[in-house]
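Comments concern the structure below.
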Amino acid sequence: MTAPALEVTGLNKRFGGLPATKDVSFHVMAGERRLIIGPNGAGKTTMFNLVTGDLNADSGSVKLFGQELLGMPTQDRVHLGLARTYQILTLFPRETLVHNVVLALLGLQTLRWNPWTALTGHRHVYDAAHEALAMVGLAESAERIVLETSYGERRRLELAMALAQKPKLLMLDEPLAGLSQGERQTVRELLDKIPRDVTIVMIEHDMDTALSFAERITVLHYGEVIVEGTRAEVVADPRTREVYLGD
Amino acid sequence: MQWQFWIIQTLNSVAFGGLLFLLSSGFSLIFGLMRIPNLAHGAFFMLGTYFGYTLLQKGLHFWPAALLGGIGVGLLGIALERFILRKLSGNEQGQVLVTLGVSFIIADICLLVWTGDPMPLAAPQSLRRPLLFAGFAFPTYRLVVLGIALVAAVGLYLLMERTRLGAMIRAGVDDMEMARGVGIPVSRLFTTVFLLGATLAGIGGVLGGPILTAYPGLDADMLPLALIVVILGGAGSLLGAFVGSFVVGFLYNFGIALAPDLAYFVLFFPMVLVLVFLPQGLFGRVQI
Chain A
1 MTAPALEVTG LNKRFGGLPA TKDVSFHVMA GERRLIIGPN GAGKTTMFNL VTGDLNADSG
61 SVKLFGQELL GMPTQDRVHL GLARTYQILT LFPRETLVHN VVLALLGLQT LRWNPWTALT
121 GHRHVYDAAH EALAMVGLAE SAERIVLETS YGERRRLELA MALAQKPKLL MLDEPLAGLS
181 QGERQTVREL LDKIPRDVTI VMIEHDMDTA LSFAERITVL HYGEVIVEGT RAEVVADPRT
241 REVYLGD
Chain B
1001 MQWQFWIIQT LNSVAFGGLL FLLSSGFSLI FGLMRIPNLA HGAFFMLGTY FGYTLLQKGL
1061 HFWPAALLGG IGVGLLGIAL ERFILRKLSG NEQGQVLVTL GVSFIIADIC LLVWTGDPMP
1121 LAAPQSLRRP LLFAGFAFPT YRLVVLGIAL VAAVGLYLLM ERTRLGAMIR AGVDDMEMAR
1181 GVGIPVSRLF TTVFLLGATL AGIGGVLGGP ILTAYPGLDA DMLPLALIVV ILGGAGSLLG
1241 AFVGSFVVGF LYNFGIALAP DLAYFVLFFP MVLVLVFLPQ GLFGRVQI
């Protein structure tokens, strides 16, 4: 039996006296589309940060295709095939769009420390960056500075940067947040086009889009997993309605 | 006041600005990337001057001495970053205090090894004679120092703007967490930038030796100037360090010559104005 793409076991994190995640355990199989939901403050983004290494866990285990990630620096996790987008847009704002994607690709390069290697000498990196931008419909905007682009374009750029790294596991933190109806549709179509060899774990508050996208759903509340199952199981569960759907 | 005064002061100012650039470019990059002022940077400069003095005493030629002095200080910079600052990762206040402590330790060691007497470094023989032009004598060595600083500026510009390493350093200065998030090994960038900054400070120290001489307290005289340069120009900005160095070079030299009683006011007042009205500096990305 193959190892799950992501296996989280007994994950704990406290901020002072406040437990942000309490013994969180779940696993996501390869190719799966998993949705993480829960009210504000449920610990969703904290859990993402623990998986990606942006925060250090107090205890527990996080495995990517069977390999333990805890204790590993963020950049090493990226090299293993973990990519993420952020709830609050995080980009290199003064660089061009294509240069942002190039930086994401450089982060994966092995020949990192020859200071005399000219950027322009690596045509394939630029080609790959342009390809990633084209994938999210930003080919025409490649040379624009990020600061000059719209919020929706930045969301798509963030997605392009993550996809350019050809991740095995893609973690999307509210990829539809702040987008107009039309932009949501565009991003949703982009997500649908991501091949199945990329496993996706997504936090999203747009329930209509999120529920139709995900195959399985994990509900967090006060840092704990309270429900997990298929769409139908989770929606039907009274605990979900109680804490999240306001029933 | 004779016009020769203005020419000489201008030349002194640009030569001093060049020296300041060698000191403050690395200081600025470290500040921009690691978000901490390396308060041992002035001590790195002074140590470079003393290393240069000793190497010249041993009979080495000036230019190899400058290079070796820079490498020696660069190695010390690596040791400071890898074995001390890295252990304090995430504790920026602790890191700043440690660099201050290291600067005191270096100053004491210099006093122990080289005593408290000022030690002038001799400029290369071929550059000691003034350059005569239009009936005016220019100090050749200072012109060469200025030329070296300009070459260093161009080299650093090319490194930062045209190479993969430079692109990653700029990404780290822009947003360190994001750089980590896309897989850039930021901790290795810290070491590289520390090596680069300390080496430049060391080379600057040797080159500054014939102008400033080696003496206890040179570190404390130079560090505030580097701080002003970075605050004026903006942390992490090479262009800021370049412009700031020459602005401070002019303010320092003309301040001392024209209003010695107000020299520090002339120097620090623009810094206060920038901090109040433009906290990120003239060209900075990181808010100080």
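Those protein sequence lines, which keep their order, are chains A and B. So for the first sequence, this note's numbering puts the first residue at 1; every next one is plus one. So for the second sequence, this note's numbering puts the first residue at 1001; every next one is plus one. Where a beta carbon is used, it is the ideal one built from N, C-alpha and C, also for glycine.
> At which residues does the alpha helix (DSSP H) containing ALA1167 of chain B begin and terminate?
Replying inline: 1164-1174
> Among the residues of its own chain, which have a CB less than 6 Å from the CB of GLY1042 of chain B, if the five just before and after it don't count?
Replying inline: ASP1219, MET1222, LEU1223
> Of the choices A:GLN75, A:LEU97, A:SER150, whose alpha-carbon is the least far from that of ALA129 of chain A?
Replying inline: A:LEU97
>> What does the Cβ neighbour count give for GLN67 of chain A, buried or exposed, with the cut at 16 atoms within 10 Å?
In response: Label assigned to GLN67 of chain A: exposed.
> Can you give the Cα-Cα distance for GLY1183 of chain B and GLY1249 of chain B, rounded to whole angstroms?
Replying inline: 40 Å
> Within the 7 Å Cβ cut-off, does GLY107 of chain A reach chain B?
Replying inline: yes
>> For PHE1021 of chain B, tell me which candidate among B:GLY1059, B:MET1168, B:ALA1152 has the shortest Cα-Cα distance.
In response: B:ALA1152
>> Let me see if you follow: with CB-CB separation under 7 Å, is ASP1117 of chain B close to chain A or not?
In response: Residue-level contact check: ASP1117 of chain B does not touch chain A, since none of the beta carbons of chain A fall below 7 Å from its beta carbon.
> Taking Cβ-Cβ distances shorter than 9 Å, what residues in chain C pair up with GLY1042 of chain B?
Replying inline: Among the chains of the structure shown, chain C does not appear; the protein chains present are A and B.
> For HIS221 of chain A, does the three-state DSSP call read helix, strand or coil?
Replying inline: strand
> What three-state label does DSSP hand GLN165 of chain A in the structure shown?
Replying inline: Collapsing the DSSP output to three states places GLN165 of chain A in coil.
> What whole-angstrom Cβ distance do GLN1280 of chain B and GLY1234 of chain B have, given they're in contact under 8 Å?
Replying inline: 6 Å
> Roughly how many angstroms separate the alpha carbons of ALA83 of chain A and ALA1079 of chain B, rounded to a whole number?
Replying inline: 33 Å
>> Bridge partners for GLY229 of chain A per DSSP, in chain order?
In response: A:ILE217
> Taking Cβ to Cβ, would you say VAL78 of chain A is nearer than 7 Å to LEU105 of chain A?
Replying inline: no
>> Buried or exposed for MET207 of chain A, going by 16 or more other Cβ atoms inside 10 Å?
In response: exposed
>> Which of the three DSSP states is assigned to ILE1288 of chain B in this structure?
In response: Per-residue confidence for ILE1288 of chain B stands at a pLDDT of 46, beneath the threshold of 50, marking its modelled position as unreliable; no derived number is given.
> Assuming LEU1076 of chain B contacts ALA1198 of chain B under a Cβ cut-off of 8 Å, what Cβ separation, rounded to an integer in Å, is found between them?
Replying inline: 6 Å
> Nearest CA to the CA of LEU1047 of chain B: which residue from B:LEU1273, B:PHE1268, B:ILE1106, B:LEU1112?
Replying inline: Nearest option by C-alpha distance: B:ILE1106.
> Going along chain A, which residues have a C-beta under 7 Å from PRO1210 of chain B?
Replying inline: Under the 7 Å cutoff, chain A gives no residues; its nearest Cβ is about 30 Å from PRO1210 of chain B.
> So what does DSSP say about GLU68 of chain A, is it helix, strand or coil?
Replying inline: strand
>> Measuring alpha carbon to alpha carbon, tell me which residue in A:ALA5, A:ASP23, A:ALA3 is nearest ASN12 of chain A.
In response: A:ASP23
> Should the stretch 1010-1018 of chain B be regarded as contacting the stretch 1179-1195 of chain B, the criterion being three or more beta carbon pairs within less than 8 Å?
Replying inline: The stretch 1010-1018 of chain B vs the stretch 1179-1195 of chain B: no contact.
>> Between A:GLY137, A:GLY31, A:PHE48, A:PRO93, which has its C-alpha nearest THR186 of chain A's C-alpha?
In response: A:GLY137
> What is the C-beta distance between GLY1236 of chain B and SER1025 of chain B, in whole angstroms, given that I count them as a contact (C-beta under 8 Å)?
Replying inline: Wrong, their Cβ atoms sit about 11 Å apart, outside the cutoff.
> Tell me, which residues are paired with ALA1137 of chain B by DSSP?
Replying inline: Residue pairing from DSSP places ALA1137 of chain B in a beta bridge opposite B:LEU1132.
>> When you compare the CB positions of VAL227 of chain A and VAL235 of chain A, do they come within less than 7 Å of one another, or not?
In response: no
>> Can you tell me whether PRO195 of chain A is buried or exposed? The criterion is at least 16 other CB atoms within 10 Å of its CB, across all chains shown.
In response: exposed
>> Please report the straight-line C-alpha distance between PHE213 of chain A and ARG33 of chain A, rounded to a whole angstrom.
In response: 7 Å
> By how many angstroms is the C-alpha of ARG94 of chain A removed from the C-alpha of ALA142 of chain A?
Replying inline: 13 Å
> Identify the residues that DSSP records as bridge partners of LYS13 of chain A: which are they?
Replying inline: A:THR21
> If you run the structure through DSSP and keep just helix, strand and coil, what is HIS27 of chain A?
Replying inline: strand
>> So, with DSSP's three-state summary, where would you put LYS248 of chain A?
In response: The first residue shown for chain A is 1 and the last is 247, placing residue 248 of chain A beyond what the model contains.
> Going along the chain, which residues of its own chain have a beta-carbon closer than 8 Å to the beta-carbon of THR302 of chain A, five neighbours each way excluded?
Replying inline: Shown here, chain A extends from 1 to 247; a query on residue 302 of chain A therefore has no answer.
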